[in-house]
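Residue numbers (the working numbering): 74 to 158.
Written out as structure tokens, the structure is:
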């Protein structure tokens, strides 16, 4: 199954697929204090629910570290982007 970028709506639980909407381009954010977007399975209006355990882990790590995730291994494909309010 393909992956696409999804923007977080800004409210609600960022680990719930229903709080995201499909983006038609790569997001312009990267690091910050809030979830901006995720690269998740689906490519429909919302990502496949539930979100994968890896994406949920990356969301939690990103909110703790305030940087795009995953950070390891170095040069990994980033699946969670953050932004500043």
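Where is the CB? At the ideal position from N, CA and C, for every residue including glycine.
Item	Value
What is the rounded straight-line gap between the Cα of residue 93 and the Cα of residue 144?	22 Å
So is the beta-carbon of residue 128 under 6 Å away from any non-hydrogen atom of the ligand GDP?	No copy of the ligand GDP occurs in the structure displayed, which carries no ligand at all.
Between which two residues does the alpha helix (DSSP H) containing residue 147 stretch?	First-last for residue 147: undefined, no H or E at that position.
Apply the 10 Å Cβ neighbour rule to residue 103 and answer buried if 16 or more other Cβ atoms are within range, or exposed otherwise.	exposed
Just to confirm the assignment: which complete beta strand (DSSP E) runs, minimum length 3, are found wholly within the segment 85-149?	93-95, 107-114
Could you check if residue 146 is buried or exposed, using at least 16 other CB atoms within 10 Å of its CB as the buried criterion?	exposed
Taking the CB atoms as reference points, tell me whether residue 169 and residue 128 lie closer together than 7 Å.	With the chain running from 74 to 158 in the structure shown, residue 169 is simply not present.
Going along the chain, which residues of its own chain have a beta-carbon closer than 7 Å to the beta-carbon of residue 118, five neighbours each way excluded?	94, 95
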